[in-house]
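Residue numbers (UniProt numbering): 1 to 615.
C-beta: ideal position from N, C-alpha, C; glycine also.
In this text, all values refer to a predicted model and were calculated from it rather than measured experimentally.
Scroll down for the structure; my scribbles are underneath it.
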Amino acid sequence: MTRLTVAQAVVRFLAHQWTERDGVEHRLIGGCCGIFGHGNVAGLGQALATSAEELPYHLSRNEQAMVHTAAAYARASNRLSTLACTTSIGPGATNMITGAAGATINRLPVLLLPGDIFSTRVAGPVLQELEDQRSYDVSVNDCFKPVSRFWDRINRPEQLPSALLAAMRVLTDPAETGAVTLALPQDVQAEAFDWPDELFARRVWHIPRPRPERAALARAAELIRSAARPLIVAGGGAIYAEATEQLRTFAETHGIPVAETQAGKGALPHGHPLAVGAIGATGTTAANALAREADVIIGVGTRYSDFTTASRTIFAPDARFANINITGFDAAKLSGLQLVADAREALAELGEACAGWSTPAAYRERAADLNRAWDAAVDAAYALDGSPLPQSAVIGAVNVAAGSDGVVVCAAGSMPGDLHKLWRPSGPGSYHVEYGYSCMGYEIAGGLGVKMAAPEREVFVMVGDGSYLMMAQELVTAVSEGVKLVVVLVDNSGFASIGRLSESVGAERLGTSYRHRDGGPLPVDLAANAASLGATVLRPESVSELRKALDTARSARETTVIYVRTDPMADDAPSSEAWWDVPVAQVGTTSATYAARETYEANKRSQRPHLSPPG
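Put into structure tokens, the structure is as follows:
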């Protein structure tokens with residue numbers, strides 16, 4: 001038996017958890033991010049202070065941001081490792097809820113350890129306690145329940161072992177993973193208990209690769225072999241399962257073009273003859289044209305979000321779906337034939353079951369022609385110049401600077417859509433855009449997590465001014481931790497993406513511009529702000545200067561912010577020729593609103609339920 005406090009036991013337990021897949025082991029919890037207050041400083045704070053070698057501690061500057069950092073770390077680790085996050089009670093805890101929602105929506109494991117009110121209640125109500133007339137057992141940490149895949153409150157030391165094991169099970173289960181919350185009352189954290197030594201033994205969680213059920217495999221193979229114009233839609237699951245080599249082999253053997261979701265971008269590298277790029281509302285014209293013509297869609301690790309399906313308008317009404325996914329929940333979408341299995345195993349076995357079959361040569365040539373036309377459009381967008389700089393030219397310059405070892409990180413605003421269309425990925429892991437939750441403020445914190453998980457890669461964070469103003473402070477964390485980032489801060493004086501969207505629905509860019517009410521510019525200097533947070537700052541004003549700045553930043557050892565101004569009214573990326581469902585007011589005061597509504601209703605008529613039987 002070992003006598004430790006509950007907090008000390010948590011830290012020691014986490015330090016000895018490992019994952020294993022394909023014979024390779026990884027630390028499950030790579031460290032703990034935290035901000036201390038009265039709800040966790042005497043418990044987890046004390047435990048971490050005396051266990052630095054067992055579980056490294058990283059001081060964050062914002063609680064939401066540190067969850068983004070953990071989620072990005074997990075994604076860059078293909079969900080085999082993550083970070084823990086600890087906060088005090090009250091606002092420190094609730095600040096993590098947005099990050100928790102993003103992690104769960106994106107199927108990424110993060111471990112949250114918020115402090116909680118006294119379990120004994122003897123001093124209640126305590127500072128920051130939410131009093132609920134229905135029950136004394138409610139605290140703000142109950143808000144984590146709907147955004148967590150597992151949630152528990154440890155009111156007694158005896159409850160800890162089973163809760164810890166359940167938490168690790170969910171974190172390491174690719175079919176269930178997401179945010180896991182263990183609420184730790186501040187008095188319980190400091191309570192000592194005699195723990196069985198087995199709790200702290202080295203424990204390895206083996207990540208399964210379930211194979212597809214034979215009958216389902218036969219049905220899927222029969223459906224695919226009947227296709228004349230099949231299309232693969234590769235999602236994040238293809239990358240997390242490290243199935244990209246099997247995906248390439250399957251596509252090449254059978255001559256099937258591969259389109260990519262935001263999370264799946266890079267599943268095939270740009271330049272592969274069957275890689276037709278992004279699909280959906282922010283897709284390429286090549287992928288979207290093939291999607292409209294496809295008779296069979298093979299989903300690999302995708303959850304078919306509305307952006308992927310262009311709000312269910314991109315696929316033909318009679319298209320049939322065969323979906324490979326680790327979860328039945330996602331595999332069943334769009335009335336798909338379900339292959340509930342690991343993507344790598346399923347693709348290998350499906351390839352064998354489809355042996356001897358391939359698409360017609362004319363279909364493969366059509367995909368190549370569409371691809372060449374899109375590449376020419378991207379070349380033209382990347383070649384633009386001007387003052388202010390076109391956003392597409394900025395993306396093109398960063399794309400070149402990233403090379404084969406770079407990772408681009410982005411989240412909300414207009415850039416994720418342009419990146420999805422335009423970015424030419426070098427392979428899996430080179431493209432990291434959070435678009436499941438589209439969370440403003442993710443970018444710098446996410447870049448920090450990517451660099452911590454993959455220090456050998458150059459990380460290029462692309463962030464707009466609106467998102468930067470929501471969460472810039474993790475630049476301080478990058479500087480203090482010695483984690484080098486290249487941050488490209490694109491200033492277009494407001495929310496350009498939602499500005500364009502608001503115009504299209506008759507809202508006339510209300511609340512989307514960072515300007516005085518009289519229309520003049522604000523006296524705000526974001527580059528000076530970045531410098532005040534400890535970053536080196538460069539201010540290029542032309543594409544040639546931007547390229548030089550990127551070279552300088554790439555060769556630097558410290559975090560560098562490259563500040564560029566772009567035109568808020570410009571929309572210089574080529575169109576995806578696809579739609580996204582955003583309702584338009586049925587009545588209004590301008591002709592523009594009625595025209596927008598008419599267009600909206602026409603597009604609504606093209607939505608499909610995809611309810612036909614898959615067999």
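For Phe200, write down the residues that DSSP places opposite it in a beta bridge. Note: Phe200 sits in no beta bridge, so no partner.
Are Trp195 and Met1 closer than 8 Å when you measure CB to CB? yes
### Query
Under the rule that 16 or more other beta-carbon atoms within 10 Å means buried, what is Gln586, buried or exposed?
exposed
Could you check what DSSP says for Gln189 in three-state terms: helix, strand or coil? helix
- prompt: Hey, quick one: how far does the alpha helix (DSSP H) through Trp580 stretch, first residue to last?
  reply: Taken as a continuous stretch (DSSP letters only), Trp580 belongs to no alpha helix (DSSP H), as it is neither H nor E.
Distance between Ser135 and Val110 (C-alpha atoms, nearest Å):
29 Å
| Among residues of its own chain, excluding the 5 on either side of Asn40, which ones have a beta-carbon nearer than 6 Å to its beta-carbon? | Thr86, Ser88 and Gly115
Asn62 and Gln473 - do their beta-carbons sit closer together than 8 Å? yes
Quick check on Thr261: buried or exposed, where buried means 16 or more other Cβ atoms within 10 Å of its Cβ?
buried
Would you check if the distance between the CB atom of Ala234 and the CB atom of Val300 is smaller than 8 Å? yes
**Rounded straight-line distance, which links the Cα of Asp572 to that of Glu25** = 46 Å
Going by the DSSP bridge assignment, what does Trp205 pair with across the sheet? Thr19
Can you check which of these residues, Glu129, His68 and Ala343, is closest to Ile239 by C-alpha distance? Ala343
Check whether the Cβ of Pro360 lies closer than 7 Å to any heavy atom of the ligand SAM, and answer yes or no. Absence of the ligand SAM is noted for the structure shown, with no ligands found whatsoever.
### Message
Tell me which residues share the same chain as Ala47 and place their Cβ nearer than 6 Å to its Cβ, disregarding the 5 neighbours each side in the sequence.
### Response
Ala7, Gln8 and Val11
* Use the C-beta contact count for Phe460: other C-beta atoms within 10 angstroms, 16 or more gives buried, fewer gives exposed. => buried
| query | Can at least three beta-carbon pairs, one atom from the segment 246-261 and one from the segment 383-391, be found at a separation below 8 Å? | reply | no
Going along the chain, which unbroken runs of the beta strand (DSSP E) with 3 or more residues stay wholly within the segment 233-264?
258-260
Assuming Ile297 and Leu231 make a contact with CB atoms under 8 Å, what is their CB distance in whole Å?
6 Å
Exercise for the section: Give every residue of the same chain whose Cβ lies closer than 7 Å to the Cβ of Gly357, excluding the five residues on either side of it in the sequence, and list them in chain order. Expected result: The sequence given here places Trp at residue 357; Gly does not occur at that position. So the list reads Arg225 and His254, once near-sequence residues are dropped.
When the Cα of Arg75 is compared with those of Leu14, Val450, Gly464 and Gly271, which residue comes out closest? Val450
(Q) Considering only the alpha carbon of each residue, which of His270, Ala291 and Ser60 lies closest to residue 642? (A) The shown model of the chain, from 1 to 615, leaves out residue 642, and the question about it has no answer.
Worksheet entry | Collapsed DSSP secondary structure at Asn323 in the structure displayed | strand
Open item on the list: Considering only the alpha carbon of each residue, which of Arg608, Gln607 and Asp581 lies closest to Ala596?
Closed with: Asp581
Residues that Ala183 bridges to, as DSSP identifies them: Arg153
Taking 8 Å as the threshold, find out whether the segment 92-106 comes into contact with the segment 207-225 through three or more Cβ pairs. no
**Q.** Beta-bridge pairing of Gly34 - partner residues as DSSP gives them
**A.** Leu59 and Thr86
Trp195, DSSP secondary structure in three states: strand
The alpha helix (DSSP H) that contains Asp418, what's its start and end? Ser414 to Leu422
Legend entry - Assigned secondary structure, Thr536 (DSSP; H/G/I helix, E/B strand, else coil): strand
Q. CA-CA distance, Thr282 and Cys33?
A. 34 Å
Exercise. Determine the contact status of Arg312 and Gln607, defining contact as a CB-CB distance below 8 Å.
Key: yes
With 16 other Cβ atoms within 10 Å as the buried cut-off, status of Val180:
buried
Checklist entry - For the putative contact between Ile207 and Thr172, defined by C-beta atoms under 8 Å, what is the C-beta separation to the nearest angstrom? => result 6 Å
Cα-Cα separation, Asn603 to Trp374: 24 Å
What did DSSP end up calling Gly45 once you bin it into helix, strand or coil?
-> helix
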